[in-house]
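Student: First the structure, then my questions, so here it is.
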Amino acid sequence: MLLLTRHGETDWNRTDRWQGSTGPPLNDRGRQQAERLASSLHAVDAIYSSDTTRARETASIVASHLGLSVVEDTRLREVNFGEWEGLTRAQIVERYPGALDRWSSGEGGDAPPGGEADTVMAARVLEALRVIADAHEGQCVVVVTSGGPIRAVQAHIAGIEQKVARRHFPRVDNCAVVEVLFRDGDIAVPGR
Numbered sequence: 748m749l750l751l752t753r754h755g756e757t758d759w760n761r762t763d764r765w766q767g768s769t770g771p772p773l774n775d776r777g778r779q780q781a782e783r784l785a786s787s788l789h790a791v792d793a794i795y796s797s798d799t800t801r802a803r804e805t806a807s808i809v810a811s812h813l814g815l816s817v818v819e820d821t822r823l824r825e826v827n828f829g830e831w832e833g834l835t836r837a838q839i840v841e842r843y844p845g846a847l848d849r850w851s852s853g854e855g856g857d858a859p860p861g862g863e864a865d866t867v868m869a870a871r872v873l874e875a876l877r878v879i880a881d882a883h884e885g886q887c888v889v890v891v892t893s894g895g896p897i898r899a900v901q902a903h904i905a906g907i908e909q910k911v912a913r914r915h916f917p918r919v920d921n922c923a924v925v926e927v928l929f930r931d932g933d934i935a936v937p938g939r
């Protein structure tokens, strides 16, 4: 079983800045969230993390509680929002009139200016998860990443196109856990 976990809160989360593949470390609340997450987990065999600072820090807190080390995988990184990274939604709307609405609806191109397409991010994340699942068959693995990669997995399971997945799934809370299984080489939701 894979336990997909979103990183703890950062100051950019708090101020609604788009962090994508960049961004600051966890804030105090984010570290507390990671501590609570760590205390809720048991019988974990391995921990993997995106290489973003916020995911690595969350994974390190969890790993220290469980006596495990963190395996970093760049494929688990959040989508690169390009020129939008570090900006608030209001700043994006002001600087790129209409672009955010078109992109969010799936009608305005596959990627933000200078960024990465959700389809590309989803492909690399799904490949990483397949490799992790194969390496840990029958084990419980925590995978610390960001909201976009978790949404990509949810969209894959539901058969929804990646470029419109944002319209179908709410943002995953910081340090929330989404359980998934691999069956016959593909991802499934437990109980299905």
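In our numbering, the protein residues as written are 748 to 939. Note that the Cβ used here is the ideal one computed from N, Cα and C, for glycine as well. Source: prediction; values computed, not measured.
Nearest to D865 by alpha carbon, out of D798, A882, S893?
Tutor: It is S893.
Student: Let me confirm a value: T821 is counted as buried when at least 16 other C-beta atoms fall within 10 Å, else exposed. Which label applies?
Tutor: So T821 counts as exposed.
Student: Compare the C-alpha of R914 against each of D798, E841, G895, V872 and name the closest.
Tutor: Minimum Cα distance to R914 is reached at G895.
Student: Quick one: any contact between the region 827-846 and the region 811-818, if contact means 3 or more CB pairs under 8 Å?
Tutor: In short, these stretches do not touch, since the Cβ pair count stays below three.
Student: Please state whether the Cβ-Cβ distance between P771 and W759 is less than 8 Å.
Tutor: It is a contact, given that the beta carbons lie within the stated cut-off.
Student: For P859, count neighbouring Cβ atoms within 10 angstroms of its own Cβ and tell me buried if that reaches 16, exposed if not.
Tutor: With 16 or more other Cβ atoms within 10 Å, it is buried.
Student: From Q886, E832, V927, I808, pick the residue whose C-alpha is nearest to that of G862; which is it?
Tutor: Nearest C-alpha to G862: E832.
Student: Out of G932, F828, D920, point me to the one whose CA is closest to E756's CA.
Tutor: Closest option to E756, Cα to Cα, is D920.
Student: Just the C-alpha distance for I808 and G767, rounded to the nearest angstrom, thanks.
Tutor: Each residue's Cα considered, the two are about 21 Å apart.
Student: Excluding the 5 residues preceding and the 5 following T853 in the sequence, name in chain order all residues of the same chain whose CB lies nearer than 6 Å to its CB.
Tutor: The question names Thr, but residue 853 in the sequence shown is Gly. Closer than 6 Å at the Cβ level, and outside the excluded window around G853, lie K910, V911.
Student: At which residues does the alpha helix (DSSP H) containing D881 begin and terminate?
Tutor: Per DSSP, D881 belongs to the alpha helix (DSSP H) from 865-882.
Student: In this structure, what does DSSP give as the bridge partners for L749?
Tutor: V888, V927, per the DSSP bridge assignment.
Student: Can you check whether the C-beta of E874 is within less than 8 Å of a C-beta belonging to chain E?
Tutor: Any reference to chain E falls outside this structure, which holds one protein chain only.
Student: Go ahead and pull the three-state DSSP assignment for D920.
Tutor: Coil, per DSSP.
Student: Quick one: is V890 buried, meaning 16 or more other Cβ sit within 10 Å of its Cβ, or exposed?
Tutor: Result: buried.
Student: I need the boundaries of the beta strand (DSSP E) containing D933, first residue and last residue.
Tutor: Taken as a continuous stretch (DSSP letters only), the beta strand (DSSP E) holding D933 covers 933-935.
Student: Label T762 either buried or exposed according to how many other C-beta atoms from any shown protein chain fall within 10 Å of its C-beta, with 16 as the threshold for buried.
Tutor: Exposed, by the Cβ-count rule.
Student: Which of helix, strand or coil does DSSP assign to S816?
Tutor: Reduced to three states, the DSSP call for S816 is coil.
Student: Please specify which runs of the beta strand (DSSP E), each continuous and at least 3 residues long, are wholly inside the region 764-801, giving them in chain order.
Tutor: You should have 793-796.
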